[in-house]
Amino acid sequence: MLRKILAIAPILFVSVSIAASAQNAELAHYEPTIESLDKHPLPAWYDDAKLGIFIHWGLYSVPGWAPVQHADHDFASLDYIVNDPYAEWYYNVVRIPNSPTAQYDREHFGPNHNYYDFTSTFNQESKKWDPDKMAAIFRDAGAKYVVLTTKHHEGFTLWPSKVVNPNQGNLQAERDIVGELTQAVRKSGLKMGLYYSGGYDWTFNRGPIEKPADYENVKPESTAYGVYADAQIEELINLYHPAVLWNDIDWPKSGKPLQIMADYYNSTPDGVVDDRFGVPHSDFTSPEYAKLDQISKKKWEECRGLGMSFGYNRAEGDAQTIAPQELIELLVDIVSKNGNLLLDVGPEADGTIPPIQLDRLEKLGVWLKQNGEAIYGTHPWTRPNGTTNQKDAAGRTVDLRFTQKDGHLYATLFGKPASSTVVLHNLVAAPGSEITLLGNSGPLKWSQKADDLEVTLPTSLPGSYDWVLRLQTAK
Numbered sequence: 494m495l496r497k498i499l500a501i502a503p504i505l506f507v508s509v510s511i512a513a514s515a516q517n518a519e520l521a522h523y524e525p526t527i528e529s530l531d532k533h534p535l536p537a538w539y540d541d542a543k544l545g546i547f548i549h550w551g552l553y554s555v556p557g558w559a560p561v562q563h564a565d566h567d568f569a570s571l572d573y574i575v576n577d578p579y580a581e582w583y584y585n586v587v588r589i590p591n592s593p594t595a596q597y598d599r600e601h602f603g604p605n606h607n608y609y610d611f612t613s614t615f616n617q618e619s620k621k622w623d624p625d626k627m628a629a630i631f632r633d634a635g636a637k638y639v640v641l642t643t644k645h646h647e648g649f650t651l652w653p654s655k656v657v658n659p660n661q662g663n664l665q666a667e668r669d670i671v672g673e674l675t676q677a678v679r680k681s682g683l684k685m686g687l688y689y690s691g692g693y694d695w696t697f698n699r700g701p702i703e704k705p706a707d708y709e710n711v712k713p714e715s716t717a718y719g720v721y722a723d724a725q726i727e728e729l730i731n732l733y734h735p736a737v738l739w740n741d742i743d744w745p746k747s748g749k750p751l752q753i754m755a756d757y758y759n760s761t762p763d764g765v766v767d768d769r770f771g772v773p774h775s776d777f778t779s780p781e782y783a784k785l786d787q788i789s790k791k792k793w794e795e796c797r798g799l800g801m802s803f804g805y806n807r808a809e810g811d812a813q814t815i816a817p818q819e820l821i822e823l824l825v826d827i828v829s830k831n832g833n834l835l836l837d838v839g840p841e842a843d844g845t846i847p848p849i850q851l852d853r854l855e856k857l858g859v860w861l862k863q864n865g866e867a868i869y870g871t872h873p874w875t876r877p878n879g880t881t882n883q884k885d886a887a888g889r890t891v892d893l894r895f896t897q898k899d900g901h902l903y904a905t906l907f908g909k910p911a912s913s914t915v916v917l918h919n920l921v922a923a924p925g926s927e928i929t930l931l932g933n934s935g936p937l938k939w940s941q942k943a944d945d946l947e948v949t950l951p952t953s954l955p956g957s958y959d960w961v962l963r964l965q966t967a968k
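Residue numbers for the sequence shown follow my numbering, so the first one is 494 and each next one is one higher.
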């Protein structure tokens, strides 16, 4: 292994490059071509943010139920489709005969229940929602941006769209949830993004999806749907100017995705688009419940729920919800590889975040308050991970994840070492470096042992999970 000497120059170069690119974005005019769109630089705010909150909230939040036996998200499996753990897919699965969701619906809402009858309950319950309280929860969790589902696959919109659905009426929430949350989020100092389901709208092609081939077969491709989807997403851009334009599944072949992107960039130069428009342009990629093994040159963003579902699922408990330490380590691992985490919450119909999800958000926020210096505004180092000579109380090896910023290297310890003397393998600090522990005052004792760095930790560590060493380079 090569010796790793800390350096400042690469970090400064990246910072200057991003600043210059952002200035160029303000001056650019984009055309609906891949060549033009590919000139859009990644905005520094998005690169630096690291943590966003996804919100799946809609009619499916009223029943708020899905089976929980599938945790592997094997979308191609027939058994997965019938036992889909995504509660936001309730309308699809309830129409599959004898599925657990169909049985649940009959037992709780009767044999002749229509999914869209949930509209009146949703409108009544959502009157209780406090957008400022929700935004404050996300801010305190350490998030820097929010992405709200404005329309999911069942076609129900959370804003008062003036675009008429030719197939079905009564498809809008009574409150302008998009507008109210946008205002609250921005007032809290966060960026506001919007999700739109362009690939599926079950009021245009109802399906249901019952087998893997249906994932493609049920995509609506009519001229009418292309016109409808184009008009709705342009309406969202013009009304709310989202910082993130997050499309899902695909864009209809009868639509104009390149024109949408050009219009969006010209309206919001520092905005970003995901990679789910079905065209070879995006500002970031969006793996779902999946991590990367190495540093990615292309910016990426993992999206996943706190549990197995994006939408609220009352069947989920502690066993299905990511543990606090696992959540922290997920975020650090993603950031070390040039990614962001878009962490989803599924509110109940009245906008209440379930207690178990709230617990995870609060614990993440506490950790970030102490250790956020090693997350926000950082960049990948020469490698994302490392090892130590220590194990934690459970016998798990205490591994490392690296990030860097402003001439400092941050090494996050995954677990509490059994001994206060920790050897960080294959890590060489520059002579004269000061090594500190975030959340603890004063420098730590350290010594170089050939290619390994030995550090003595405080006898009492601040916080409850995963500690961060900061290595200051020589002056």
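Heads up, the beta-carbon is just placed ideally off N, CA and C, and yes, glycines get one too.
None of the values given here were measured: they were computed from a predicted structure.
For this session: With DSSP collapsed to three states, give me the class of residue 661.
Result: Numbered from 1 along the sequence shown, position 168 holds the residue referred to as residue 661. Assignment of residue 661 by DSSP, reduced to helix, strand and coil, places it in the coil class.
Exercise. Fully enclosed by the segment 714 to 760, which beta strand (DSSP E) runs are 3 residues long or longer?
Worked result: Runs found: 737 to 741.
For this session: Could you tell me whether the segment 607 to 626 touches the segment 656 to 666, where touching means 3 or more Cβ pairs closer than 8 Å?
Result: Verdict: yes, contact present.
Exercise. Residues bridged to residue 892 by DSSP?
Worked result: Locating residue 892 in the sequence shown gives position 399, where the first residue counts as 1. In the DSSP assignment, residue 892 is bridged to 880 and 907.
For this session: Taking only the alpha-carbon atoms, compute the straight-line gap between residue 702 and residue 921 and give it to the nearest angstrom.
Result: By 1-based counting over the sequence shown, the position of residue 702 is 209. By 1-based counting over the sequence shown, the position of residue 921 is 428. If I take the Cα positions, the gap works out to 55 Å.
Problem set entry | Sequence-distant residues of its chain with Cβ nearer than 6 Å to residue 971 (five each side left out) | The displayed coordinates of the chain run from 494 to 968. Any statement about residue 971 would go beyond what the structure contains.
Exercise. CA-CA distance, residue 551 and residue 622?
Worked result: Against the sequence shown, residue 551 aligns to sequence position 58. Against the sequence shown, residue 622 aligns to sequence position 129. Rounded to whole angstroms, residue 551 to residue 622 spans 13 Å at the Cα level.
Exercise. Do you know offhand how far residue 641's Cα is from residue 538's?
Worked result: Position 148 of the sequence shown, counting from 1, holds the residue named residue 641. Position 45 of the sequence shown, counting from 1, holds the residue named residue 538. Computed Cα separation, rounded: 18 Å.
For this session: Could you tell me the distance, in whole angstroms, from the CA atom of residue 655 to the CA atom of residue 761?
Result: On the sequence shown, residue 655 is found 162 positions in, with the first residue counted as 1. On the sequence shown, residue 761 is found 268 positions in, with the first residue counted as 1. Roughly 22 Å between the two C-alpha positions.
For this session: May I ask which residues mark the beginning and end of the beta strand (DSSP E) holding residue 941?
Result: Counted from its first residue, the sequence shown places residue 941 at position 448. 939 to 942 is the span of the beta strand (DSSP E), which, as asked, contains residue 941.
Problem set entry | Stretch-stretch touch, CB-based, cutoff 8 Å, three pairs: the segment 925 to 932 with the segment 885 to 895 | Fewer than three Cβ pairs drawn from the segment 925 to 932 and the segment 885 to 895 lie within less than 8 Å of each other, which leaves the two stretches out of contact.
Exercise. Three-state secondary structure (DSSP) at residue 631?
Worked result: As a working mapping, residue 631 is identified with position 138 in the sequence shown. Collapsing the DSSP output to three states places residue 631 in a helix.
Problem set entry | Start-to-end residues for the beta strand (DSSP E) that takes in residue 795 | As a working mapping, residue 795 is identified with position 302 in the sequence shown. In the DSSP annotation of this structure, the continuous segment of the beta strand (DSSP E) that includes residue 795 starts and ends at 793 to 798.
Problem set entry | Cβ shell of residue 798 (< 7 Å), same chain only, five flanking positions each side left out | Taking the first residue of the sequence shown as 1, we reach residue 798 at position 305. Around residue 798: 837 and 839.
Exercise. Sorted by chain position, which residues of the same chain lie with C-beta nearer than 6 Å to residue 763's C-beta, five sequence neighbours on each side aside?
Worked result: Here residue 763 refers to the residue found at position 270 of the sequence shown. If you ignore the 5 residues before and after residue 763, its C-beta comes within less than 6 Å of the C-beta of 536, all in its own chain and listed in chain order.
Exercise. Three-state secondary structure (DSSP) at residue 712?
Worked result: As a first step, residue 712 must be located in the sequence shown, where it is residue number 219. Assigned with DSSP and collapsed to three states, residue 712 falls in coil, not helix or strand.
Problem set entry | Integer-rounded CB distance, given that residue 868 should sit under 8 Å from residue 896 | For the purposes of this step, residue 896 is taken as the residue at position 403 of the sequence shown. For the purposes of this step, residue 868 is taken as the residue at position 375 of the sequence shown. Their Cβ separation, rounded to whole angstroms, is 7 Å, which keeps residue 896 and residue 868 in contact under 8 Å.
Problem set entry | For residue 874 and residue 956, believed in contact at Cβ under 8 Å, the rounded distance | As a working mapping, residue 956 is identified with position 463 in the sequence shown. As a working mapping, residue 874 is identified with position 381 in the sequence shown. Contact between residue 956 and residue 874 is ruled out by a C-beta separation of about 23 Å, above the 8 Å threshold.
For this session: Go through its chain and collect everything with a Cβ distance to residue 734's Cβ below 7 Å, but skip five positions before and after it.
Result: Working through the sequence shown from its first residue, we reach residue 734 at position 241. Closer than 7 Å at the Cβ level, and outside the excluded window around residue 734, lie 760 and 761.
For this session: Check the DSSP bridge columns for residue 667 and list the partner residues they point to.
Result: Reading the sequence shown from its first residue, position 174 is the one you call residue 667. Paired residues: none, contrary to the question.
For this session: Decide if the segment 680 to 698 is in contact with the segment 735 to 755; the criterion is three or more beta carbon pairs, one per stretch, under 8 Å apart.
Result: Enough Cβ pairs lie closer than 8 Å, so yes.
For this session: Enumerate, from N- to C-terminal direction, the unbroken beta strand (DSSP E) stretches of 3 or more residues contained entirely within the segment 762 to 821.
Result: Counting only runs of 3 or more, we get 793 to 798.
Problem set entry | residue 901 beta carbon less than 8 Å from that of residue 964 | The sequence position of residue 964 within the sequence shown is 471, counting from 1. The sequence position of residue 901 within the sequence shown is 408, counting from 1. Cβ atoms of residue 964 and residue 901: closer than 8 Å.
Exercise. Nearest-angstrom Cα distance between residue 685 and residue 911?
Worked result: Residue mapping note: residue 685 aligns to position 192 of the sequence shown, counting from 1. Residue mapping note: residue 911 aligns to position 418 of the sequence shown, counting from 1. The alpha-carbon separation between residue 685 and residue 911 amounts to approximately 42 Å.
Exercise. Is it true that the CB of residue 619 sits closer than 8 Å to the CB of residue 805?
Worked result: The residue you call residue 805 lines up with position 312 of the sequence shown. The residue you call residue 619 lines up with position 126 of the sequence shown. Using a Cβ distance threshold of 8 Å, residue 805 and residue 619 do not count as a contacting pair.
Problem set entry | Simplified DSSP state of residue 506, which is helix, strand or coil | Counted from its first residue, the sequence shown places residue 506 at position 13. Low confidence applies to residue 506: its pLDDT is 29, below 50, so where it sits in the model is not reliable, and the reading given next is rough at best. For residue 506, the secondary structure class from DSSP, reduced to helix, strand or coil, is helix.
For this session: Flag this pair as yes or no: are the beta carbons of residue 905 and residue 825 separated by less than 8 Å?
Result: Here residue 905 corresponds to residue number 412 of the sequence shown, with the count starting at 1. Here residue 825 corresponds to residue number 332 of the sequence shown, with the count starting at 1. Between residue 905 and residue 825, the CB-CB gap stays under 8 Å.
Exercise. Does the Cβ of residue 587 have 16 or more other Cβ atoms within 10 Å, making it buried, or fewer, making it exposed?
Worked result: One-based indexing of the sequence shown puts residue 587 at position 94. Under this definition residue 587 is a buried residue.
Exercise. With C-beta atoms as the reference, is residue 778 less than 8 Å away from residue 790?
Worked result: Locating residue 778 in the sequence shown gives position 285, counting from the first residue. Locating residue 790 in the sequence shown gives position 297, counting from the first residue. With a cutoff of 8 Å on beta-carbon distance, residue 778 and residue 790 are scored as not near each other.
Exercise. For residue 833, which residues does DSSP report across the bridge?
Worked result: Along the sequence shown, read from residue 1 onward, the residue named residue 833 stands at position 340. Paired residue(s): 794.
Problem set entry | Residues near residue 909 in its chain [Cβ-Cβ closer than 6 Å; skip 5 each side] | As a position in the sequence shown, residue 909 is number 416, starting the count at 1. Cβ within range, chain order: 885.
Problem set entry | Contacts around residue 959, its chain only, beta-carbon distance under 8 Å, and the 5 residues preceding and following it disregarded | The count along the sequence shown starts at 1 and reaches residue 959 at position 466. Closer than 8 Å at the Cβ level, and outside the excluded window around residue 959, lie 818, 821, 822, 825, 860, 864, 905, 906, 907 and 908.
For this session: Would you mind stating whether residue 526 and residue 751 have Cβ atoms separated by less than 8 Å?
Result: As a position in the sequence shown, residue 526 is number 33, starting the count at 1. As a position in the sequence shown, residue 751 is number 258, starting the count at 1. In this structure, residue 526 sits near residue 751, with a CB-CB distance shorter than 8 Å.
Exercise. Buried or exposed: where does residue 775 fall if 16 or more other Cβ atoms within 10 Å of its Cβ makes it buried?
Worked result: In the sequence shown, counting from the first residue as 1, residue 775 sits at position 282. Buried.
Exercise. What's the call for residue 847, buried or exposed, on a 16-neighbour Cβ count within 10 Å?
Worked result: Against the sequence shown, residue 847 aligns to sequence position 354. Burial of residue 847 is indicated by the presence of at least 16 other C-beta atoms within 10 angstroms of its C-beta.
Exercise. Is the beta carbon of residue 578 sitting closer than 8 Å to the one on residue 563?
Worked result: One-based indexing of the sequence shown puts residue 578 at position 85. One-based indexing of the sequence shown puts residue 563 at position 70. It is a contact, given that the beta carbons lie within the stated cut-off.
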